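Below: the structure, in structure tokens.
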Amino acid sequence: MQLIPCPWCGPREQTEFHYGGQADVAYPDDPAALTDEQWAHFVFFRDNPKGPFAERWFHSAGCRTWFRAVRDTRTYAFLPGSSA
Amino acid sequence: MSTPEQPDALWRNPEPKKSYDVVIVGGGGHGLATAHYLAKQGITNVAVLERGWLAGGNMARNTTLIRSNYLWDESAAIYEHALKLWEGLEEDLDYPILFSQRGVLNLAHTEQEVRDAVRRVEANRLNGIDAEWLRPDEVAKVCPIVNVSGDIRYPVHGATYQPRAGIAKHDYVAWGFARRADQAGIDLIQDCEVTDFVVDGDRVTGVRTSRGDIGAGTVALCAAGHTSVLLDRLGIRTPLQSHPLQALVSELLEPVHPTIVMSNKVHVYVSQAHKGELVMGAGVDSYNGYGQRGAFHVIERQMAAAVELFPAFARAHLLRSWAGIVDVTPDASPIVGTTPYENVLLNCGWGTGGFKVTPGLGQAFADTIAHGRVHPLLAPFSLDRFVTGALVDEHGAAGVAH
Ligand SMILES: Cc1cc2nc3c(=O)[nH]c(=O)nc-3n(C[C@H](O)[C@H](O)[C@H](O)COP(=O)(O)OP(=O)(O)OC[C@H]3O[C@@H](n4cnc5c(N)ncnc54)[C@H](O)[C@@H]3O)c2cc1C
Ligand SMILES: [Zn+2]
Numbered sequence: 059m060q061l062i063p064c065p066w067c068g069p070r071e072q073t074e075f076h077y078g079g080q081a082d083v084a085y086p087d088d089p090a091a092l093t094d095e096q097w098a099h100f101v102f103f104r105d106n107p108k109g110p111f112a113e114r115w116f117h118s119a120g121c122r123t124w125f126r127a128v129r130d131t132r133t134y135a136f137l138p139g140s141s142a
Numbered sequence: 203m204s205t206p207e208q209p210d211a212l213w214r215n216p217e218p219k220k221s222y223d224v225v226i227v228g229g230g231g232h233g234l235a236t237a238h239y240l241a242k243q244g245i246t247n248v249a250v251l252e253r254g255w256l257a258g259g260n261m262a263r264n265t266t267l268i269r270s271n272y273l274w275d276e277s278a279a280i281y282e283h284a285l286k287l288w289e290g291l292e293e294d295l296d297y298p299i300l301f302s303q304r305g306v307l308n309l310a311h312t313e314q315e316v317r318d319a320v321r322r323v324e325a326n327r328l329n330g331i332d333a334e335w336l337r338p339d340e341v342a343k344v345c346p347i348v349n350v351s352g353d354i355r356y357p358v359h360g361a362t363y364q365p366r367a368g369i370a371k372h373d374y375v376a377w378g379f380a381r382r383a384d385q386a387g388i389d390l391i392q393d394c395e396v397t398d399f400v401v402d403g404d405r406v407t408g409v410r411t412s413r414g415d416i417g418a419g420t421v422a423l424c425a426a427g428h429t430s431v432l433l434d435r436l437g438i439r440t441p442l443q444s445h446p447l448q449a450l451v452s453e454l455l456e457p458v459h460p461t462i463v464m465s466n467k468v469h470v471y472v473s474q475a476h477k478g479e480l481v482m483g484a485g486v487d488s489y490n491g492y493g494q495r496g497a498f499h500v501i502e503r504q505m506a507a508a509v510e511l512f513p514a515f516a517r518a519h520l521l522r523s524w525a526g527i528v529d530v531t532p533d534a535s536p537i538v539g540t541t542p543y544e545n546v547l548l549n550c551g552w553g554t555g556g557f558k559v560t561p562g563l564g565q566a567f568a569d570t571i572a573h574g575r576v577h578p579l580l581a582p583f584s585l586d587r588f589v590t591g592a593l594v595d596e597h598g599a600a601g602v603a604h
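Chains A and B, in that order, are what the protein sequence lines are. According to this note's numbering, the stretch in the first sequence is residues 59 to 142, in order. According to this note's numbering, the stretch in the second sequence is residues 203 to 604, in order.
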């Protein structure tokens, strides 16, 4: 089974984790000021690259912290040292 | 129907011309069907560009379930349009596709699932779609090998039943469309990856490919799981996320399974192909992926679910498993229609369930291209709905249920 590098627990089996999608999607500073289009982009629109992708992961069956990691969506390999 | 005698070639292997009226990107089921229905409209200066071999993507990898029992009017309309076309497709293509209307059972395992399922049956009937609610004993009559006893973890409380649902032979469907498009003079060009677009203001005048630049009057994107890669070149953002979706088959068995059974709750669906292998699938792998492979624990879970529902399968052997790359959207409905580029049309987001729509999409998308306006059956599926909020939320009917 694929091992996912938790920054706190080290490499653990994939089934211990929950996927959180694209990382670094910041909550808008002033949500009320957003146009419908900007709001749609915040809620629904995400990058979908073929290659390195910065993602959020939740170690749900372990230390229960969220972290960020970069994974290549072609090979599924986590970039060494990218978990934080 | 028996397997057709295959001639040496079903289509030519032409060199790309300098330009075409219509360039279709992606030679899967949707691209090939669109080409066939364009030819029926008299539009034949058309190329289908395929990066690999024809129909080697999701078209080669899907589990071929065809049904139209979706909840919302918008979905019911396009899927039922497709189902009606399936019913006459062998004659239209003059090619056997092994379309077999053996019906589909969507099992309900909880009180809430029962309420939702009965509501969907009523919604289907209002849309003129054949749908019935069956009690457990009636489920057992349709499919005697389903475990309807009360002593399993998720007892079967009943099921929706669509008798006109079915399966078809995916490769024959693709070849049938390809053959007819080729006969009409449309160029099917394999080993031809579109890598970029030639842009002039708000128009795209051509595509850059691994076999050189090709001019285009209209560009129609039918690239399924790879759509985002192409749209990134045009700077168009969407909510699409590409995921691996796996399926598997058992060894060949005697005919034991007369219909299709799906369960959202225990997360598996099963049919038996003409040759005798059990065909099973479940949900997508959780993370984004372009690898055409998935994780084995997903397969393990769906086998556990299958054995729970079908104790008779406990000793069947897994023969092979595989994955495709499916383009999923937040509301489990497709994205079809116009883009900020006036001559670029989009068809994507069919995710885990776009085989069943192949003739319907091909017909309506070709009509869209031919008439320069979005076909009414496709209009509800615009990219714009994520801004207006007019989502077509089909998670209940789509779920695991491709
Ligand atoms: C395991 C699995 C099971 C499924 N089961 C079902 C089911 O039971 N029922 C159902 O209705 N649906 C099912 N689906 C979904 C269905 O297969 C898809 O929705 C449908 O096939 C998508 O349309 P398509 O056939 O055109 O896609 P594809 O066959 O994937 O065609 C897209 C084509 O575009 C090509 N392409 C991509 N990028 C480029 C480029 N840059 N240049 C040139 N060509 C390019 C690809 O190589 C590919 O051949 C399943 C999918 C999978 C993976
Ligand atoms: Zn941890």
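We put the beta carbon where it would ideally sit given N, CA and C, even for glycine. Given the structure is predicted, the values throughout are model-derived calculations rather than measurements.
To the nearest angstrom, report how far apart residue i and residue j are at their CA atoms.
{"i": "R269/B", "j": "A90/A", "result": "42 Å"}
{"i": "R214/B", "j": "L256/B", "result": "12 Å"}
{"i": "R659/B", "j": "D487/B", "result": "Only positions 203 to 604 of chain B appear in the structure, and residue 659/B is not among them; the question remains open."}
{"i": "D210/B", "j": "A418/B", "result": "31 Å"}
{"i": "A370/B", "j": "I438/B", "result": "35 Å"}
{"i": "V175/B", "j": "P365/B", "result": "Because chain B is modelled from 203 through 604, residue 175/B falls outside the range shown and cannot be assessed."}
{"i": "V396/B", "j": "Y222/B", "result": "15 Å"}
{"i": "I527/B", "j": "E293/B", "result": "31 Å"}
{"i": "A262/B", "j": "S118/A", "result": "35 Å"}
{"i": "I391/B", "j": "V406/B", "result": "20 Å"}
{"i": "V530/B", "j": "F567/B", "result": "19 Å"}
{"i": "Y134/A", "j": "G427/B", "result": "16 Å"}
{"i": "P460/B", "j": "G555/B", "result": "22 Å"}
{"i": "S452/B", "j": "T265/B", "result": "13 Å"}
{"i": "E315/B", "j": "A534/B", "result": "18 Å"}
{"i": "R321/B", "j": "E334/B", "result": "11 Å"}
Please work out which residues of its chain come closer than 8 Å, Cβ to Cβ, to residue i, disregarding the five sequence neighbours upstream and downstream, and give them in chain order.
{"i": "A279/B", "result": "N329 and L579"}
{"i": "G109/A", "result": "D130, T131 and R132"}
{"i": "G79/A", "result": "R104, E113 and R114"}
{"i": "D398/B", "result": "V409, R410 and R435"}
{"i": "P218/B", "result": "A249, L251, D389, I391, C394, T411, R413, G414 and I416"}
{"i": "M59/A", "result": "E71, Q72 and T73"}
{"i": "I180/B", "result": "Look at the range of chain B in this structure, 203 to 604, and you will see that residue 180/B is not part of it."}
{"i": "D339/B", "result": "V350"}
{"i": "D404/B", "result": "P542, Y543 and E544"}
Checking the sheet assignment: what are the DSSP bridge partners for residue i?
{"i": "S473/B", "result": "V481/B"}
{"i": "N308/B", "result": "T362/B and M464/B"}
{"i": "S523/B", "result": "L450/B"}
{"i": "A63/A", "result": "The sequence given here places Pro at residue 63/A; Ala does not occur at that position. In DSSP, P63/A forms a bridge with P69/A."}
{"i": "N549/B", "result": "V538/B"}
{"i": "T411/B", "result": "V396/B and G414/B"}
{"i": "H76/A", "result": "F116/A"}
{"i": "L267/B", "result": "I369/B"}
{"i": "H606/B", "result": "In the structure displayed, chain B extends from 203 to 604; residue 606/B sits before or after that span and is not available."}
{"i": "S221/B", "result": "G417/B"}
{"i": "P86/A", "result": "None, per the DSSP bridge assignment."}
{"i": "A249/B", "result": "V225/B and D389/B"}
{"i": "V401/B", "result": "V406/B"}
To which residues of the same chain is residue i closer than 7 Å at the C-beta, ignoring the five residues directly before and after it?
{"i": "V341/B", "result": "L307, V348, V350, V358, G360 and A361"}
{"i": "A508/B", "result": "V470, V472, M482 and F515"}
{"i": "Q565/B", "result": "Y239 and L287"}
{"i": "P441/B", "result": "T531, P532 and F588"}
{"i": "L432/B", "result": "V227, V396, L423 and A425"}
{"i": "N490/B", "result": "Q443, S444 and H445"}
Does the Cβ of residue i have 16 or more other Cβ atoms within 10 Å, making it buried, or fewer, making it exposed?
{"i": "P561/B", "result": "buried"}
{"i": "A190/B", "result": "The shown model of chain B, from 203 to 604, leaves out residue 190/B, and the question about it has no answer."}
{"i": "K220/B", "result": "exposed"}
{"i": "A592/B", "result": "exposed"}
{"i": "R122/A", "result": "exposed"}
{"i": "R355/B", "result": "exposed"}
{"i": "Y543/B", "result": "buried"}
{"i": "Q474/B", "result": "buried"}
{"i": "L454/B", "result": "exposed"}
Which residues in the same chain have their Cβ closer than 6 Å to the Cβ of residue i, if we skip the five residues on either side of it in sequence?
{"i": "A319/B", "result": "A310 and T362"}
{"i": "W552/B", "result": "P536"}
{"i": "Y272/B", "result": "A278, Y281, E596 and A599"}
{"i": "R503/B", "result": "none"}
Say the cut is 6 Å; is the CB of residue i nearer than that to a heavy atom of ligand 4?
{"i": "W66/A", "result": "What this structure holds is ligand 1 and ligand 2, not ligand 4."}
Segment contact, 8 Å Cβ cut-off, at least three pairs: the segment 540-549 of chain B with the segment 476-485 of chain B: No: fewer than three Cβ pairs fall under 8 Å.
Touch test, the segment 227-241 of chain B against the segment 249-263 of chain B, Cβ-Cβ under 8 Å, three pairs minimum: Per the Cβ contact rule, the segment 227-241 of chain B is in contact with the segment 249-263 of chain B (3 or more Cβ pairs under 8 Å).
Cβ contact check for the segment 439-448 of chain B and the segment 494-507 of chain B: 3 or more pairs under 8 Å: Touching, per the Cβ criterion.
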